[in-house]
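For the protein sequence lines, the chains are P and H, in the order given. If you count the first sequence from 1, position 160 lands on 160 in the numbering used here, and the numbers rise without skipping. Going from the second sequence to the numbering used here is simple: count from 1 and add 1000. Cβ atoms here follow ideal geometry from the backbone N, Cα and C, with glycine treated the same way. Structure first, commentary second.
Number of protein chains: 2
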Amino acid sequence: MPPATDPKPALLAALADYVLKNGLNSASLRPMAKAAGTSDRMLIYHFGSKDELITEVTWRLAADLADKLDDALPPTRAETEAACVRDIVRLLRTPTFQPYMMVWLDIVSAAIQGNANHSAAGAAMIDGYLDWLEQRLPETTKNKPVRAKALMTLIEGVVVMDAVGRSAVADAAIDEWFASG
Amino acid sequence: MPPATDPKPALLAALADYVLKNGLNSASLRPMAKAAGTSDRMLIYHFGSKDELITEVTWRLAADLADKLDDALPPTRAETEAACVRDIVRLLRTPTFQPYMMVWLDIVSAAIQGNANHSAAGAAMIDGYLDWLEQRLPETTKNKPVRAKALMTLIEGVVVMDAVGRSAVADAAIDEWFASG
DNA sequence: AAGGAATTGTAGCAGTCGCTACATACTAGT
DNA sequence: ACTAGTATGTAGCGACTGCTACAATTCCTT
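Quick look at the structure:
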């Protein structure tokens, strides 16, 4: 057989879907293969190794998340920074984005354990979100790059609080940071 | 044999040490047993199941971290909130505390995946750190409980940024949040 | 000394892991 | 028709997983 139409895009879509539902770190070849309608044998054949597969899925999910964020929050500038952050946090708590947050924390956790692939992906994702956020800051915001870093770091803290069931702490934090002035 | 002196404390110490070095989610019985100078057989015997063992180790590590934080930053009030946060962040980046941050992110990651034990532990740890932080806020800080939540959420964001190698973003965020007024 | 409970080693089970050897297709180019 | 290269199923390897059955050892109590 000559190279048929590359089956990897379809596989990646199914694999990404599986990872979104089941997490990244605990994903293993046979269940993934089943979910993608193929065999572990073929996954290794197409991706070379589980490591490369996971790396590709990770980047694919990062791209998907970026797309979904763009769709949900088009690049129009918010009225205030508080509204901007609150909109984003509300979005991230949505059933659509919650799985991505799960995978995101998988990546963060793997990164701090020294996984180079996940560390690189995590850093790239942060860089991307910083740009993304910058474009949505209010017109009036001065020094947007720095403000984006400040707000993004706060939002990451909110994600952690949400993860351990302390959304109330996160909400209080947001209220407090945007109180008075 | 009648009940000898309870061997669990010594075991827990060795197990906690192992987890600090190797992470929580990837810990398995046989390597742990070897590190503790015993067998997987005995670990199950003493702890009932791996799940209960991991739960005990988690709480033990949480207590250890609390102790170490107390030692490193005695309950004296800081001059300013900025100094307080900066001291804490500097501390958490220390080789002493980095392993605890690794385990912490393991817990957060497991919590968002629905692990009830880790979710409970994570929530309890947050509650504990909030009290701890509150006692270290400057005398002049009004509404300390709310300020503690605001600062703690920011610090958690810093931990995430550090994990993926974006400490620079975290530093810029801290500078920005404590700039001007 | 005998009995009973606590403790521990040995060995193994049934399952999963990533990955691979082997054989078999299948199809396009010659 | 033949060949070369691509694609795929079957079966299994060796390592690891949490856990357990069984038997032995140890020590206190009676």
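When we look at the beta-carbon of residue i and count the other beta-carbons within 10 Å, is it buried (16 or more) or exposed?
i                       : result
residue 1136 of chain H : buried
residue 1002 of chain H : Confidence at residue 1002 of chain H is low in this model, with a pLDDT of 47, below 50, so the placement of that residue is unreliable and no value is reported for it.
residue 63 of chain P   : exposed
residue 1129 of chain H : buried
residue 168 of chain P  : exposed
residue 179 of chain P  : exposed
residue 1143 of chain H : exposed
residue 1106 of chain H : buried
residue 1127 of chain H : exposed
residue 149 of chain P  : buried
residue 147 of chain P  : buried
residue 166 of chain P  : buried
residue 119 of chain P  : buried
residue 1027 of chain H : buried
Determine, for residue i, whether the minimum Cβ-Cβ distance to residues of chain H falls below 7 Å.
i                      : result
residue 96 of chain P  : no
residue 15 of chain P  : no
residue 2 of chain P   : Any reading at residue 2 of chain P is ruled out, since the residue's pLDDT is 49, under 50, leaving its predicted position unreliable.
residue 177 of chain P : yes
residue 105 of chain P : yes
residue 119 of chain P : yes
residue 149 of chain P : yes
Roughly how far, in whole angstroms, is the beta-carbon of residue i from the beta-carbon of residue j, given that I think they are within contact range, below 8 Å?
i                       : j                       : result
residue 1088 of chain H : residue 1155 of chain H : 6 Å
residue 1108 of chain H : residue 160 of chain P  : 6 Å
residue 103 of chain P  : residue 53 of chain P   : Actually they do not touch by this definition, with Cβ atoms about 15 Å apart.
residue 1163 of chain H : residue 112 of chain P  : 4 Å
residue 1009 of chain H : residue 1077 of chain H : Contact flag wrong, Cβ pair sits at about 34 Å.
Quick check on residue i - is its C-beta less than 7 Å from some C-beta in chain P?
i                       : result
residue 1135 of chain H : no
residue 989 of chain H  : Any question about residue 989 of chain H goes unanswered here, given that chain H covers just 1001 to 1181.
residue 1109 of chain H : yes
residue 1166 of chain H : yes
residue 1154 of chain H : yes
residue 1157 of chain H : yes
residue 1021 of chain H : no
residue 1102 of chain H : yes
residue 1057 of chain H : no
residue 1122 of chain H : yes
residue 1066 of chain H : no
residue 1126 of chain H : yes
I'd like the ranges of any alpha helix (DSSP H) spanning at least 4 consecutive residues and lying wholly in the segment 1033 to 1110 of chain H. Whole alpha helix (DSSP H) segments, 4+ residues: 1040 to 1047, 1050 to 1072, 1081 to 1092.
Assess contact between the segment 1094 to 1101 of chain H and the segment 1027 to 1043 of chain H, defined as three or more Cβ pairs (one per stretch) separated by less than 8 Å. Is contact present? The segment 1094 to 1101 of chain H, when compared against the segment 1027 to 1043 of chain H, does not touch it at the 8 Å Cβ threshold.
Every unbroken alpha helix (DSSP H) within the segment 114 to 141 of chain P, with a cutoff of 4 residues, ordered by chain: As far as the segment 114 to 141 of chain P is concerned, its whole alpha helix (DSSP H) runs of at least 4 residues are 116 to 134.
For the segment 1077 to 1094 of chain H and the segment 1011 to 1020 of chain H, state whether three or more C-beta atom pairs, one from each stretch, are separated by less than 8 Å. With a cut-off of 8 Å, the segment 1011 to 1020 of chain H and the segment 1077 to 1094 of chain H do not count as touching, because too few Cβ pairs lie within range.
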